[in-house]
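In our numbering, the protein residues as written are 40 to 700.
Below is one structure; the comments refer to it alone.
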């Protein structure tokens, strides 16, 4: 029974494959937010290793194990140390090129990168042998995309012997990959995440066994819509006592010890959602022998700031790239006219702070709750302090925080025994709830801003890298002569490394002619168009061995006629030179057409065109006995005849080496 079922499935598959599928059907992964089209009649198989890592394969035939062609898309989260990086800037193209070169007999047809701002991409195509010495070669057409902290890797793979049937379909599948409007996987990149509206405070005291004791390690989570409600308590979640707390765009809390160590200190990350914490790689510089890190805040870009108790050192940490930099090393409030009135011996601190979305720092004078303002860009303090009404006590004002809710922008003030909401227009403070907090944290003020992203600037220059290879063996030809020429300019000699590789600076999106010569090979004179930025493309040289078939690039005729176009002359003259310089060489010219129209007329046209090329060679001094010609019509297509862009590759004249002495 199993045998009969397998036989039926196989017969059905053969019937489907008897005609090359042309209809496409849409596949959408709503969970991961991507889509593509694949040929009708192909099967698909999905594997989910985790909610974030999936593998989806589209293949030909009843079973994947026997599939002659397949395309696989793997989606996986990037490692933590890579998720915020533009991986193109960290040499991803070089990494892929090295991986391809490690394969047996690789040939890179295309490897180029594109920086699209919100995501980066590598597009590539190459061939290789699965095992050294294998007679069969495989083609891979792929795309790698990095978006939102995830890697998307899509590759079509099939033997070259299957190219006529499946290559065009595989390329269409790869090219069709794109993202849906609303990706379900949230971005893992720090600066692309949306900060929620929760606010937090470090509790100065806690009740333990009915007794109040110092804390500074527990964090209270408030409801912004109802801050008077009882907070959610994250009890003793910091591994040290702290005065400083900031909330990142990733909705994690960042803190540092209050110990006056005068040594670099690691920043600690706590995730309220998972209640897990860990030290980050970021280290704040030494804060000074008589100072501690007293406050922290977040700016509109999601960068974190930490300040010392004397206001003399403000440090910025950028989670997106892990950089730590000193913003100022001298307290700018020293320039204010009122400084002497708040800086006498025994006076309180004025360093506890927050930032708004206009690059302004708000600081609070701990003695009476007055507000100080400093322009972060110019380091200039406002000339006067802002006195607030409604604050009942002197001493113990420990932090300020700007939030935004349905009522608009709100400023919260941590007082000696209570949390206050401040109306900045009326300079009035209102008690919200009881509690003593050393620092407040939040960033929802900035979450409502629309962050406009400018399109990436296309690079004006590109670096073309590749290798000069023997087209038959794909071994490097390090002694070949390579010259590159842009447009009508002069050619530049390009040196080759011992492995046949080269690197040449070019202009982006520019046509370059590669002229390659080496004894015993058909000289190459091929035009390539450079990409935007670094890219890789190998150059092949065809050996002049008996039986080798070599293309006459850019030999064209008037449509439907045998009249050679003037653009054909460089290639024909190159062949004339080769025949004159190699007296023992005899060739067979072979004419080809596409499959459009009457096959008998196509066969006759191909014969007449190959005869026209022979006539040109003879008229330029080549003995007629050294050149034979035939026409093959559309019998030997080089590419698919389904599209005009590929049909034109089938309308060609090439030549086969008959004799070499």
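Ideal placement from N, C-alpha and C gives every residue a C-beta, glycine not left out.
Keep in mind it's a predicted model, so treat the numbers as computed, not measured.
- Shown here for residue 376: same chain residues with a beta carbon closer than 7 Å to its own, the five before and five after excluded, namely 422 in chain order.
- Using a Cβ distance threshold of 9 Å, residue 668 and residue 649 count as a contacting pair.
- Taking all protein chains shown into account, residue 596 has 16 or more neighbouring C-beta atoms within 10 Å of its C-beta and is therefore buried.
- Nearest to residue 678 by C-alpha distance, out of 452, 499, 202, 643, is 202.
- Residue range 131-140 is occupied by the alpha helix (DSSP H) that includes residue 139.
- Taking a cut-off of 8 Å for Cβ pairs, the stretch 178-197 and the stretch 209-216 touch, as three or more such pairs fall below it.
- If the five residues before and after residue 306 are omitted, its C-beta is found closer than 6 Å to the C-beta atoms of 293, 295, 319, 321, all from its own chain and listed in chain order.
- Setting aside the 5 residues that flank it on each side, residue 139 is surrounded in the same chain by 145, 147, 150, 163, 165, 167, each with a C-beta closer than 8 Å to its C-beta; the list follows chain order.
- Per DSSP, the unbroken alpha helix (DSSP H) holding residue 215 starts and ends at 207-215.
- Boundaries of the beta strand (DSSP E) harbouring residue 582: 578-582, taken from the DSSP string.
- Per DSSP, residue 544 lies in no alpha helix (DSSP H); the unbroken beta strand (DSSP E) holding it starts and ends at 540-546.
- Residue 314 sits away from residue 291, with the two beta carbons spaced by 9 Å or more.
- Taking the CA atoms as reference points, residue 568 sits about 4 Å from residue 550.
- Under the 10 Å beta carbon count, residue 170 is surrounded by fewer than 16 other beta carbons and is classified as exposed.
- Three or more Cβ pairs closer than 8 Å define a contact, and the stretch 495-510 meets that threshold against the stretch 561-581.
- The beta carbon of residue 613 lies closer than 7 Å to those of 562, 564 in the same chain, with the five residues before and after it left out.
- Residue 288 is positioned such that its CB atom lies no closer than 9 Å to that of residue 336.
- Between residue 571 and residue 157, the gap from beta carbon to beta carbon reaches 9 Å or more.
- Judged by DSSP secondary structure, residue 437 falls outside any beta strand (DSSP E); it is assigned neither H nor E.
- Nearest to residue 175 by C-alpha distance, out of 608, 525, 198, 76, is 198.
- Comparing alpha carbon positions, the residue from 600, 610, 505, 608 closest to residue 642 is 600.
- Secondary structure at residue 562: coil, using DSSP grouped into helix, strand and coil.
- By the Cβ neighbour-count rule, residue 631 is buried, with 16 or more other Cβ atoms within 10 Å of its own.
- Here DSSP, grouped into helix, strand and coil, assigns residue 508 to strand.
- With a threshold of 16 other beta carbon atoms within 10 Å, residue 155 falls short and is exposed.
- As the crow flies, the alpha-carbon of residue 675 is around 11 Å from that of residue 691.
- Using a 10 angstroms sphere on the CB of residue 388, the tally of other CB atoms reaches 16 or more, which defines it as buried.
- Under the three-state reduction of DSSP output, residue 590 falls in the strand class.
- Counting along the chain, residue 654 sits inside the alpha helix (DSSP H) bounded by residues 638-658.
- Pairing residue 132 with residue 500, the inter-Cα distance amounts to about 16 Å.
- Your pair residue 532 and residue 546 does not check out as a contact, with CB atoms roughly 18 Å apart and the cut at 8 Å.
- According to DSSP, residue 393 shares a beta bridge with 401.
- Following the DSSP letters along the chain, one finds residue 152 inside the beta strand (DSSP E) bounded by residues 146-154.
- The straight-line gap separating the alpha-carbon atoms of residue 204 and residue 82 is approximately 16 Å.
- When only Cα atoms are considered, residue 366 and residue 257 end up about 29 Å apart.
- One Cα belongs to residue 280, the other to residue 77, and the distance between them is close to 58 Å.
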